[in-house]
Amino acid sequence: DAGITQSPRYKITETGRQVTLMCHQTWSHSYMFWYRQDLGHGLRLIYYSAAADITDKGEVSDGYVVSRSKTENFPLTLESATRSQTSVYFCASSDPTGFYEQYFGPGTRLTVT
Amino acid sequence: DAKTTQPTSMDCAEGRAANLPCNHSTISGNEYVYWYRQIHSQGPQYIIHGLKNNETNEMASLIITEDRKSSTLILPHATLRDTAVYYCIVRSYGGSQGNLIFGKGTKLSVKP
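Chains A and B supply the protein sequences, listed in that same order.
Quick note on my numbering: the first sequence kicks off at 711 and runs consecutively.
Quick note on my numbering: the second sequence kicks off at 6 and runs consecutively.
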């Protein structure tokens, strides 16, 4: 399917487990982003990537790891999940020629018990 | 912290224009005004952006005051599907692509 997809859409995991959230886009956009959204905080940037093999930290990167070996994929890994990482996670992508517009995926709702 | 101030919530009658204000009194000369919206449980959606001139697209119009300290997003004929949280964001051109800072936004409720 064309666009930006996230998987899984819902995930329940236990404290201390490693979990990876997937993001895939079909536009060949160079920029990709991960945000988390919590009640009372709005969306906050976790990591972003300007191109394959180029990543940088956002506002709330502690406890998260990203990689980008292929332009179309940008997985987000929680190395040892904590309850404070219970949130809705959104992936987005953007092309430099459309600098101003970020396209968001449908989100992954993660619960850490 | 977000550089913008928006009302927490607004109501609008279906078919009427929805005018959503945003204050950005500390905006600098190279910063643009962006608007996104988020319909319940979905990812945010880009609406429009501008620097100093008024802008219009198929979704909305953006009116920026001459001193650029405030702006208004106008949805000309609001429908029930426009019920969402609307975010006004100030962002520099050419800065880090990561600097899209979302505040709390305005919850717009369109009523029949």
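Idealized CB from N, CA, C, for every residue including glycine.
The structure presented is a predicted model; accordingly, all values stated were derived computationally and were not measured.
Inset, instruction - Would you mind stating whether S790 (chain A) and Y741 (chain A) have Cβ atoms separated by less than 8 Å? - result: Start at 1 with the first residue of the first sequence, and residue 790 (chain A) comes out as number 80. Start at 1 with the first residue of the first sequence, and residue 741 (chain A) comes out as number 31. Judged by beta-carbon spacing, Y741 (chain A) lies beyond the 8 Å limit of S790 (chain A), meaning their Cβ atoms are not closer than that value.
Inset, instruction - Since I believe C27 (chain B) is in contact with T13 (chain B) (beta carbons under 8 Å), could you give me their beta-carbon distance rounded to a whole number of angstroms? - result: The sequence position of residue 13 (chain B) within the second sequence is 8, counting from 1. The sequence position of residue 27 (chain B) within the second sequence is 22, counting from 1. About 13 Å separates the two Cβ atoms, so there is no contact after all.
Inset, instruction - Could you tell me the distance, in whole angstroms, from the CA atom of S759 (chain A) to the CA atom of F784 (chain A)? - result: Counted from its first residue, the first sequence places residue 759 (chain A) at position 49. Counted from its first residue, the first sequence places residue 784 (chain A) at position 74. Each residue's alpha carbon lies about 8 Å from the other.
Inset, instruction - For chain B, find out if any of its Cβ atoms is closer than 8 Å to the Cβ of G713 (chain A); answer yes or no. - result: Taking the first residue of the first sequence as position 1, residue 713 (chain A) is located at position 3. Taking Cβ atoms only, chain B never reaches closer than 8 Å to G713 (chain A), which makes this a no.
Inset, instruction - Check G103 (chain B) in the structure and name its three-state DSSP category. - result: Locating residue 103 (chain B) in the second sequence gives position 98, where the first residue counts as 1. Note that G103 (chain B) has pLDDT 48, beneath the 50 cutoff, so the model's placement of it is unreliable and no number is given.
Inset, instruction - Check whether the Cβ of L731 (chain A) lies closer than 8 Å to any Cβ atom in chain B. - result: Reading the first sequence from its first residue, position 21 is the one you call residue 731 (chain A). No, because no Cβ of chain B sits closer than 8 Å to the Cβ of L731 (chain A).
Inset, instruction - Taking only beta-carbon positions, decide if G48 (chain B) is within less than 8 Å of chain A. - result: As a first step, residue 48 (chain B) is located in the second sequence; it is residue number 43 there, counting from the start. Chain A, which has a Cβ nearer than 8 Å to the Cβ of G48 (chain B), makes this yes.
Inset, instruction - Note down, in chain order, every chain A residue with its Cβ under 9 Å from the Cβ of L25 (chain B). - result: Position 20 of the second sequence, counted from the first residue, corresponds to residue 25 (chain B). Result: empty, since nearest Cβ-Cβ is about 16 Å, beyond 9 Å.
Inset, instruction - Determine the chain B residues that contact E811 (chain A) at a beta-carbon separation under 7 Å, and present them in chain order. - result: Here residue 811 (chain A) is taken as the residue at index 101 of the first sequence, counted from 1. In chain order: Y51.
Inset, instruction - Would you please verify whether the beta carbon of Q102 (chain B) is less than 8 Å from any beta carbon of chain A? - result: Numbered from its first residue, the second sequence carries residue 102 (chain B) at position 97. Residue placement at Q102 (chain B) is poorly supported in this model, since its pLDDT is 49, which falls under 50; the coordinates still yield a value, given next. Closer than 8 Å: yes.
Legend entry - Three-state secondary structure (DSSP) of R86 (chain B): As a working mapping, residue 86 (chain B) is identified with position 81 in the second sequence. R86 (chain B) sits in a helix when the DSSP states are folded into three classes.
Inset, instruction - Compare the C-alpha of W744 (chain A) against each of A:T725, A:T736, A:T730, A:S738 and name the closest. - result: In the first sequence, residue 744 (chain A) corresponds to position 34, counting from 1. The residue with the shortest Cα to Cα distance from W744 (chain A) is A:T730.
Legend entry - Exposure label - R778 (chain A); buried when at least 16 CB within 10 Å: The residue labelled residue 778 (chain A) in the question sits at position 68 within the first sequence. With 16 or more Cβ atoms within 10 Å of its Cβ, R778 (chain A) is classed as buried.
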